[in-house]
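J.: According to our numbering, the sequence shown is numbered sequentially starting from 3. Yeah, the Cβ is synthetic: ideal placement off N, Cα and C, and Gly gets one too.
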Amino acid sequence: MPLSKEAVVNGFSGAAGGFVARTATSPLSVIKTTNQVSTRGNIPPWRVYGAIKEVIRVSGPAGLWRGNTIACARIVPYNALKFMVYHSLDDSVDAIQFFTDRNRDTWSDVAAGRAYAGALAGFAAVLITFPLDILKVRQTCSRTPCLPFHTAKSALDQTRVEGWRGFYRGLSPTLAGAVVYSSIQFSTYETLKHLWAARKDLKNTEFAGIAPVAELEKLGFGHHMLLGGLAGSIGRLIAYPLDVIRKRMMIQTPCNRLSKAYGVPLYKSTWDCARHILLREGVLSFWTGRGANILLSLSSSAITFAVFEETKRFLYQMDARPNPTLFR
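Have a look at this one:
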């Protein structure tokens with residue numbers, strides 16, 4: 003069954019947003035990931051710059067983009083699938099009614115439908131791209147420089163030592179985190195976007211969660227960055243404990259090399275990891291790396307949604323030109 007024009011546009015635009023955002027925020031991602039898997043304390047926002055300088059001192063400037071090749075190889079299909087699935091579901095009235103047993107009568111019904119669509123989109127995207135995610139995390143946490151060809155070598159070594167199951171270590175907390183994060187991110191962003199676009203009519207009409215298309219088209223790059231950054235920050239703050247747990251599980255290997263480097267013990271299971279963090283390190287350790295994460299969530303989600311919206315607008319404008327060839 004061929005993909006519709008809308009699915010292709012949403013998928014390509016989501017991939018473009020993910021690629022630009024991931025590459026631009028790679029230094030923050032490196033700091034956040036290495037801090038998450040460590041038991042040596044949190045790096046507050048005002049010390050992120052010092053942490054970046056330390057990475058440069060140890061690994062050189064290339065260390066700030068350690069694991070970015072495999073991260074981009076993952077984020078392109080991940081975002082393409084996530085945005086494609088989300089908008090396919092969100093545009094379907096039948097899908098919203100299936101999830102909520104209600105019609106789109108109020109803004110809360112629409113927001114709930116968006117949350118369900120976002121949850122399914124995140125779940126599907128993780129299932130397909132997870133093996134690349136675990137390779138990215140391990141390369142990011144490695145103390146040695148990672149060249150593009152190291153990705154293939156890492157995959158072969160991991161298959162030889164751990165088997166195919168090694169590519170799905172930490173899958174359950176990752177799926178749970180993706181469901182929570184994507185549902186909040188999409189629902190918050192789309193609801194805020196429509197509220198902002200329809201702000202002039204809120205006092206005169208009963209807002210049902212969907213703004214006029216003409217008003218939505220007036221929103222610019224800055225609006226999408228602001229709303230996207232806010233939505234991503236809220237979603238990441240709530241889902242962050244699951245992100246810490248999944249990163250800890252991902253660096254668990256038979257030789258325990260990465261775990262030892264960051265002072266992390268071997269865990270028996272995801273629940274054992276969560277229990278150990280809670281009892282040995284305290285509740286706040288579920289938000290380890292929150293300093294870099296605050297900056298990362300704001301910038302990454304802001305860039306992703308802004309680039310997505312502008313790429314989508316550009317593609318439709320190209321298709322509207324005389325004798326378009328884009329979607330033939």
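Here's the rule I'm using: 16 or more other beta-carbon atoms within 10 Å means buried, otherwise exposed. How should V78 be labelled?
T.: Buried is the call here.
J.: Assuming contact is defined by CB atoms lying nearer than 8 Å, are A199 and L229 in contact in what I supplied?
T.: No. Outside cutoff.
J.: What is the residue span of the alpha helix (DSSP H) that Q187 lies within?
T.: Its alpha helix (DSSP H) spans residues 173-199.
J.: Take A233 as the anchor and find which of A121, A123, F188 has the nearest alpha-carbon.
T.: Among A121, A123, F188, the Cα nearest to that of A233 is on F188.
J.: Hey, quick one: how far does the alpha helix (DSSP H) through F169 stretch, first residue to last?
T.: Premise fails: F169 is in no alpha helix (DSSP H) and is neither H nor E.
J.: Which whole-angstrom value describes the C-beta separation of A180 and G124, a residue pair presumed to lie in contact below a C-beta threshold of 8 Å?
T.: That belief holds up - the Cβ atoms of A180 and G124 are roughly 4 Å apart, short of 8 Å.
J.: Distance check for K34 and G293, CA to CA, integer angstroms please.
T.: Their Cα atoms are separated by approximately 8 Å.
J.: Note down, in chain order, each residue of its chain lying with its Cβ closer than 7 Å to the Cβ of A178, except the 5 sequence neighbours on either side.
T.: Answer for A178: L244, listed in chain order.
J.: Leaving out five residues on either side along the sequence, give the residues of the same chain with a beta carbon under 7 Å from the beta carbon of A213.
T.: Excluding sequence neighbours, A213 sits near H196, A199, A200.
J.: Can you tell me whether R68 is helix, strand or coil according to DSSP?
T.: Coil.
J.: Locate the alpha helix (DSSP H) running through P248, then write down its first and last residues.
T.: Contrary to the premise, residue 248 reads as Arg rather than Pro in this sequence. Segment 223-252, the alpha helix (DSSP H) holding R248.
J.: Could you name the residues of the same chain whose beta carbon sits closer than 6 Å to that of I58, not counting the 5 residues immediately before and after it, in chain order?
T.: Nothing listed; no residue qualifies.
J.: Could you spell out the range, first to last residue, of the alpha helix (DSSP H) harbouring Y51?
T.: Per DSSP, Y51 belongs to the alpha helix (DSSP H) from 50-61.
J.: In angstroms, rounded to a whole number, what distance separates the CA positions of G284 and L239?
T.: If I take the Cα positions, the gap works out to 17 Å.
J.: In terms of residue numbering, what span does the alpha helix (DSSP H) encompassing L273 cover?
T.: For the record, residue 273 in the displayed sequence is Trp; it is not Leu. Where W273 is concerned, the enclosing alpha helix (DSSP H) stretches over 272-278.
J.: With DSSP collapsed to three states, give me the class of V78.
T.: It is helical.
J.: Taking Cβ positions, are T176 and V128 nearer each other than 8 Å?
T.: Contact: yes.
J.: For the stretch 306-324 and the stretch 16-34, state whether three or more C-beta atom pairs, one from each stretch, are separated by less than 8 Å.
T.: At 8 Å Cβ cutoff, the stretches touch.
J.: What's the gap between the Cα of L30 and the Cα of F307?
T.: If I take the Cα positions, the gap works out to 18 Å.
J.: In terms of residue numbering, what span does the alpha helix (DSSP H) encompassing F288 cover?
T.: Note, F288: premise wrong, no alpha helix (DSSP H); not H, not E.
J.: Write down the C-beta distance between K7 and G69 rounded to the nearest angstrom, noting that I regard them as a contact closer than 8 Å.
T.: The Cβ separation is near 34 Å, so there is no contact.
J.: Can you tell which of A64, I236, L300, N295 has its C-alpha closest to the C-alpha of V246?
T.: Of the listed residues, the one whose Cα sits closest to V246 is N295.
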